[in-house]
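Position in the sequence shown counted from 1, then plus 5, gives you the numbering used here.
For reference, the structure discussed in these notes is given below.
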Amino acid sequence: MIKPDNTNPYNQYLDPQYISRISGLDLRAKLVVEGFMAGLHKSPYHGFSVEFAEHRQYMPGDEIKHVDWKVYGKTNRFYVKQFEEETNLKCYLLMDCSASMGYTSSGITKFDYATNLAAALSYLMIRRQRDAVGLVTFDEKIRSLMLARSVSSFLTEILLELEKTQPGSGTHIADTLNNIAERIKRRALVLIFSDFFDENLDAVIQGLKHFRHRKHEVVLFHMLDPQEINFAFTDDSIFLDLESGEKLRTQPVHIKRNYQKLFGEFLSTLKQTCRDQNIDYVQMATDKPFDFALMNYLQKRGKIGG
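Okay, structure coming up:
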């Protein structure tokens, strides 16, 4: 069982508000991972231990020159460094860049939170686990597609792409899901970062099913602002649809009950789909520490192995 350490002095690195004030996505990613790893209790199970994840046990036929003697000194076992062609896993990060992802009630936007989280996961996978990582950014269409690679230098390319990407226009999530499900030929782990605010939820669900039909493993990081969950508005307000531009002036008390009913149905449908399809659903409010998502990833990583 992986547990966060509440006495961890690195906990500030897991705080979205703290991390958002640090310049440079590469540094933010590194600090989030360092904070996370400093708080991990070591686990004996393969996939949970990040420390030696870039190694595999020595097997007859391996060249002695590839044995890592430092690891032998710590474990009293022979391990060899893994090369790119021995990568355990291919992983694709699907990043929703639609306008609604730019929303914040205070502090960090859903998009910035997702970007920091995706950067940290990329750092963890490429630098620590030798997994191959690819990136897809999309709104109404696919903006960028970077095929999965595991070489260390590719992390820089992923971070640069994430850093230059900003929330744009509307969204057609289903089109992207179906497109990418067909393009990824080899079984992969797919991490989706989105608020899933799409007018056609049924089509989105079919897109998720498409990934499972193609034998891909899926983790759905549902990005939400706390106000979208709680709807704690009190004063007369003007609500703006960030994608259509439509405005609604109203008293929140008049629409709160109906909003919560519809939002609850939306969440229920999405969660039930994930249960039915064996998809990991992880609700990520933007005030939640990053380690919650990183632990969910590692648990999934440990289950599917390499």
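Don't be surprised by glycine CBs; every beta carbon is placed ideally from N, CA and C.
Over the uninterrupted beta strand (DSSP E) stretch that includes Glu222, give me the two end residues.
-> That run of the beta strand (DSSP E) goes Glu222 to Leu229.
Using a Cβ-Cβ cut-off of 7 Å (strictly less than) and excluding sequence neighbours within five positions of Gly107, which residues of its own chain qualify?
-> Thr114, Phe116, Pro172 and Leu247
According to the neighbour-count rule (16 or more other Cβ atoms, all chains shown, within 10 Å of its Cβ), is His221 buried or exposed?
-> Around the Cβ of His221, a 10 Å sphere holds 16 or more other Cβ atoms; the residue is buried.
Cα-Cα separation, Phe268 to Gln134 | 37 Å
Let me know if Ala125 comes out buried or exposed under the rule of 16 or more other beta-carbons within 10 Å of its beta-carbon.
-> buried
Tyr18: first and last residue of the uninterrupted beta strand (DSSP E) it sits in | Per DSSP, Tyr18 belongs to no beta strand (DSSP E) and is neither H nor E.
Among Lys252, Leu98, Ile178 and Arg217, the one whose alpha carbon lies nearest that of Arg154 | Leu98
Looking only at C-alpha atoms, which of Val224, Lys261, Glu251 and Lys214 sits nearest to Phe236?
-> Lys261
Below 8 Å between beta carbons: does that hold for Leu206 and Ile284?
-> no
First and last residue of the uninterrupted alpha helix (DSSP H) at Arg188 | Boundaries of the alpha helix (DSSP H) harbouring Arg188: Ile178 to Arg188, taken from the DSSP string.
Helix, strand or coil: which one does DSSP assign to Lys95?
-> Secondary structure of Lys95 (DSSP, three-state): strand.
What are the start and end residues of the beta strand (DSSP E) that includes Met289?
-> Asp285 to Ala290
In chain order, what residues of the same chain have a beta carbon less than 6 Å from the beta carbon of Tyr264, not counting five sequence neighbours either side?
-> Phe236
Look at the Cβ atom of Leu196, then the Cβ atom of Phe226, and state whether they are nearer than 8 Å.
-> yes
To the nearest angstrom, report how far apart Ala298 and Asn184 are at their CA atoms.
-> Their backbone Cα atoms lie some 26 Å apart in a straight line.
Could you tell me the distance, in whole angstroms, from the CA atom of Val287 to the CA atom of Ile69?
-> 43 Å
Gly139: buried (16+ other C-beta within 10 angstroms of its C-beta) or exposed?
-> Gly139 comes out buried.
If you draw a straight line from the alpha carbon of Leu272 to that of Leu182, how long is it in whole angstroms?
-> 19 Å
Reduced DSSP secondary structure (H/G/I, E/B, other) of Asp207 | helix
Taking only the alpha-carbon atoms, compute the straight-line gap between Leu150 and Val141 and give it to the nearest angstrom.
-> A direct Cα-Cα distance of roughly 5 Å separates Leu150 from Val141.
Go through the stretch 144-169 residue by residue and report every complete run of the alpha helix (DSSP H) that reaches 4 residues or more, in order.
-> The stretch 144-169 contains these whole alpha helix (DSSP H) runs: 159-169.
Report back the beta-carbon spacing between Leu303 and Leu167 to the nearest angstrom; my notes put them in contact at under 8 Å.
-> About 21 Å separates the two Cβ atoms, so there is no contact after all.
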